[in-house]
Amino acid sequence: MNKTKNERIKEAIKTPLGTTILVTIVIVILLFVLIDIKNKILIAETIDASIIFLAILPFLIYLIISDKISEMGGGGFAIRFYKASEEKVLFGEDEVPYFDEEAIVKWNRENLKNCILPEFVENPRSTLKMKKEYIGHYKYNASKEYLEELTKFDFFRYVLFEENEVFNGYILARTLLAQLMSAEQGYLFRWDKIPGNDDRRLIEFLIMKFGIDWVKTAKIGKIDGGNTIRLTNEINVLLIRLNDEKTKANLEIDDGRTDEFIVKTENCKQSIYERNWIIDNINEWNLDEIPGCKKDYVFNYWSSKEVLRIMEERGITDIAVVDKDMKFKGFTNREMIIARIVNKLIIKAE
Numbered sequence: 000m001n002k003t004k005n006e007r008i009k010e011a012i013k014t015p016l017g018t019t020i021l022v023t024i025v026i027v028i029l030l031f032v033l034i035d036i037k038n039k040i041l042i043a044e045t046i047d048a049s050i051i052f053l054a055i056l057p058f059l060i061y062l063i064i065s066d067k068i069s070e071m072g073g074g075g076f077a078i079r080f081y082k083a084s085e086e087k088v089l090f091g092e093d094e095v096p097y098f099d100e101e102a103i104v105k106w107n108r109e110n111l112k113n114c115i116l117p118e119f120v121e122n123p124r125s126t127l128k129m130k131k132e133y134i135g136h137y138k139y140n141a142s143k144e145y146l147e148e149l150t151k152f153d154f155f156r157y158v159l160f161e162e163n164e165v166f167n168g169y170i171l172a173r174t175l176l177a178q179l180m181s182a183e184q185g186y187l188f189r190w191d192k193i194p195g196n197d198d199r200r201l202i203e204f205l206i207m208k209f210g211i212d213w214v215k216t217a218k219i220g221k222i223d224g225g226n227t228i229r230l231t232n233e234i235n236v237l238l239i240r241l242n243d244e245k246t247k248a249n250l251e252i253d254d255g256r257t258d259e260f261i262v263k264t265e266n267c268k269q270s271i272y273e274r275n276w277i278i279d280n281i282n283e284w285n286l287d288e289i290p291g292c293k294k295d296y297v298f299n300y301w302s303s304k305e306v307l308r309i310m311e312e313r314g315i316t317d318i319a320v321v322d323k324d325m326k327f328k329g330f331t332n333r334e335m336i337i338a339r340i341v342n343k344l345i346i347k348a349e
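When the sequence shown is numbered by numbering that gives the first Met the number 0, its final residue is 349 and no position is left out of the sequence of numbers.
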């Protein structure tokens, strides 16, 4: 006897696998509806459960099909999930060690090439530490080289800001690298083109940066054997002096204002650049002025459920973990926590 299409569908649904698929589809639809109206109806704990449930849904399907748990919403699963989600927050002990000597401390370029990179594959670490004790010594080129080399490794992810072993903030390493490079502007002028072809570049910069219109009609020349640029009219004077190493240029205006520029030797000629404002903010420890820098943290004795709720509320996927004394312990993220919960569910279901 030939069965109709509808009859074949009904029989397929009655099988364990068919029932599982149908229930899964219904639950997914319901979850999306609930999440859409969560701010109006649902309480915080229900939101946490919904988010985690969506993330581990494939694993739950596996458990049901393999008969390791008998139902998706029964008391047995609820108890298992509750106990697993109340475990202490998971942080990457293997990747982000607590002890300072095991972390990567930002130092000079020689240390990067001779000490860090040769052993980095065998001793992988995910975090570069910048310490407030070293402010004033962070340079653009060295910081950029550290980040460019270390971000070639997938397991390297974070830059930590720390003061006397106390957590101050963090930023994703690739975000900081992008910020550094975007803040690096073109040269202001060539030293050997003043006076000459770059006079207009210099004058326009001085007007824009310092609001001094008198430079439009100033006489431009060099003194001190070519190591000082002087702009002057009958009343005002502005000087730009190279230091002895020809690595910096110091500006002085007769109204008392000063500034400092970076000198780069390119093709045996000096080019003048503004200082990188990202590096300036690091050296001045103005972490709030660095785009992408975060100060979010959780304590290592909080439960996974509590940490997931905080991450959902703040819209973040990574967060720092500290102890009761605010000493940095490591990083955790949503995937790590859910993996811990799923692992405990599978173990308890077997």
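Just so it is clear, CB atoms sit at the ideal spot from N, CA and C, and this is done for glycine as well.
Taking 7 Å as the cut-off, the beta carbon of Gly-329 is found closer than this to the beta carbon of Val-320. Checking the DSSP bridge columns, you'll see Met-129 partnered with Phe-160. Ile-234 and Tyr-139 have their alpha carbons spaced roughly 37 Å apart. DSSP, read as helix, strand or coil, puts Val-120 in coil. Counting along the chain, the unbroken beta strand (DSSP E) around Arg-229 starts and ends at 227 to 231.
For Ala-172, the uninterrupted alpha helix (DSSP H) segment begins and ends at 172 to 182. A buried status is given to Met-310, since no fewer than 16 other beta-carbon atoms sit within 10 Å of its beta-carbon. In the pairwise beta carbon analysis, the region 155 to 164 is classified as not touching the region 236 to 244: fewer than three pairs are separated by under 8 Å. Going by DSSP, Asp-258 is part of no alpha helix (DSSP H) but of the beta strand (DSSP E) stretching over 257 to 265. Closest in C-alpha terms to Asp-287, from the list Thr-150, Ile-170, Gly-185, Asn-122, comes Ile-170. Lys-218 sits in a strand when the DSSP states are folded into three classes. Taking each of Leu-179, Phe-166, Lys-131, Pro-117 in turn and checking the Cα distance to Leu-146, the smallest one comes out for Leu-179. In this structure, Glu-251 keeps its C-beta atom at 7 Å or more from the C-beta atom of Leu-230. Put simply, the backbone Cα of Glu-312 is about 29 Å away from that of Thr-150. Taking C-beta separations shorter than 8 Å and ignoring five residues to either side along the sequence, the partners of Gln-184 in its chain run Tyr-272, Glu-273, following chain order. In this chain, Tyr-300 is not harboured by any beta strand (DSSP E), its DSSP state being neither H nor E.
For Asp-198, the enclosing alpha helix (DSSP H) has its first and last residue at 198 to 209. Per DSSP, Ile-193 lies in no beta strand (DSSP E) and is assigned neither H nor E. The continuous alpha helix (DSSP H) containing Leu-146 extends over residues 139 to 149. A Cβ-Cβ separation of about 6 Å places Thr-216 in contact with Asn-232 under the 8 Å criterion. Distance from the CA atom of Arg-108 to the CA atom of Arg-308, rounded to whole angstroms, is 41 Å. Taking C-beta atoms as the reference points, Asn-275 and Ile-134 fail to come closer than 7 Å. DSSP places Asn-249 in the uninterrupted beta strand (DSSP E) bounded by 247 to 252. By the Cβ-count criterion, Met-129 is buried, with 16 or more other Cβ atoms from all chains shown falling within 10 Å of its own Cβ. Taking C-beta atoms as the reference points, Ile-261 and Ala-182 fail to come closer than 7 Å. From the listed residues Glu-148, Asp-253, Glu-203, the smallest Cα separation to Val-120 is found for Glu-148. Look at Gly-224 here: in three-state DSSP terms it is helix.
Around the Cβ of Lys-304, a 10 Å sphere holds 16 or more other Cβ atoms; the residue is buried.
By the neighbour-count definition (other C-beta atoms within 10 Å, threshold 16), Arg-124 is a buried residue. Taking a C-beta distance under 7 Å as the contact criterion, Arg-200 and Phe-209 do not qualify as a contact pair.
From the listed residues Pro-194, Pro-290, Ile-222, the smallest Cα separation to Leu-176 is found for Pro-290.
In terms of Cα proximity to Gly-224, the closest of Arg-333, Val-236, Trp-190, Tyr-300 is Trp-190.
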